[in-house]
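Going by the UniProt record's numbering, the sequence shown opens with residue 1, and the numbers climb by one from there. Even glycine gets a Cβ: it sits at the ideal position worked out from N, Cα and C. Have a look at the structure below before the remarks.
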Amino acid sequence: MLRLSLTAKIVLGVIVAAILAFMYVPLMLVVLNSFNAARIASWPVRGFSLESWGKAFTSEPVRAALLNSVLVATGATAIALVLGTLVAFALQRYDFFGKRAVNLLVVLPIALPGIVTGVALNNTYNQILEPIGIHVGFFGMIIAHGTFCIVMVFNNILARLRRLNPGVEEASKDLGATPWQTFRMVTFPQFRSAFIAGGILAFALSFDEVYVTIFTAPPGVDTLPLWIMNQMARPNEANVVNVVATVVILASFIPVWVSQRLGREIDERG
C-alpha cells in the first residue's frame, strides 16, 4: 500500500479543498441568493426573504417549462432504454459485418458538440421533413434528445452484459424455459441495475440539455434550461432564477445518489 508523507497529505488536502471550493462555492451563492430580499442578486446578501420562492412556485411559465422538461426527458429516456438495450444485446451477443462501425455510430452523438447535433437536426426537420409535409413538432425535440441519451443506457448495459455468465442462461434453456421466460426471470434481473442506472443518467442528461433544445424546440415552447437562460437577461428576475436553480440542485442529488447505490450493487454482484 502506498504511504504518503505528512507534507504530501497536507498538499493533496489543500488541492482537494481548493477544487471542491471552486466547484461548490458558486452553487452555494445560488442557494443563498434564492433567499435574497433584494430584487437583484448580490453579494453579500444583506437580507433574507421567501418572496422569490413564492413567485417561482406560482409562476405559470416556470410550471410550463418544468412540465416540458419532464415530458421531453421521460420520452427521450424511454427511447434510450429500448434502443440502447437492443443495440447493447446485438453488439454483445452477435457477430456481424460492420459491428465496430455500429458501435462507433451509437457512441458518436455523445462526443459531438451539442450545437452540431442541434444544427444538423434543425436542418433535417426544416429542410427535408417539413417540405414533404412531416411536422415533427414537440416529438422532434424528444427524438433529438433520445439520440444522445441512448449512449448512457447502451454503455451501462453493454458493460454489464460483458460480465454476465452465459452458463446461467443456458441452464435456464436446458430446464425448458422459453426465450422470453429466460430473459424475464434470468437475464433481466442480472442487468436490471445497469438498466435503471442508465435510465436515470439519460433522464438527467436530457433534462438539462440546452444546445440541442434551442435548435429543435417548437416556437413558443420552453424547457426549464431554456427558461433559465432567457430570464438571465432580466436582472429583476435573477432571484427567481436562483430559486429554480436551487430546486434543480437539490433534485439532482436524488439521481446521483441512486446511481451510486446501483453502481455499488453492480460492483458487488460483478
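Are residue i and residue j closer than 8 Å when you measure CB to CB?
i, j, result
"residue 75", "residue 157", "no"
"residue 255", "residue 191", "no"
"residue 152", "residue 80", "yes"
"residue 216", "residue 118", "yes"
"residue 11", "residue 223", "no"
"residue 240", "residue 55", "yes"
"residue 206", "residue 145", "yes"
"residue 200", "residue 258", "yes"
"residue 197", "residue 40", "no"
"residue 62", "residue 244", "yes"
"residue 29", "residue 89", "no"
If I measure Cβ to Cβ from residue i and keep anything under 8 Å in the same chain, skipping five residues before and after, which residues do I get?
i, result
"residue 219", "none"
Going by other Cβ atoms of all chains shown within 10 Å of its Cβ, with 16 needed for buried, is residue i buried or exposed?
i, result
"residue 77", "buried"
"residue 141", "buried"
"residue 96", "exposed"
"residue 300", "Here the chain has residues from 1 to 270 only, and residue 300 is not among them."
"residue 253", "exposed"
Report the CB separation of residue i from residue j in whole angstroms; it is logged as a contact under 8 Å.
i, j, result
"residue 87", "residue 154", "6 Å"
"residue 109", "residue 138", "Not really, about 20 Å apart at Cβ, beyond 8 Å."
"residue 246", "residue 34", "4 Å"
Residues in its own chain within less than 6 Å of residue i by CB, not counting five upstream and five downstream?
i, result
"residue 45", "32, 36"
Residues in its own chain within less than 7 Å of residue i by CB, not counting five upstream and five downstream?
i, result
"residue 27", "249"
query = Are at least three pairs of beta-carbons, each pair with one atom in the segment 175–192 and one in the segment 102–109, less than 8 Å apart?
reply = no
query = Are there three or more Cβ pairs, one per stretch, closer than 8 Å when the segment 41–55 is compared with the segment 119–132?
reply = no
task = Inspect the CB distances between the segment 163–172 and the segment 207–218 and report whether three or more fall short of 8 Å.
result = no
ask   = If we count Cβ pairs, one from each stretch, closer than 8 Å, do we get three or more for the segment 55–69 versus the segment 225–240?
value = yes
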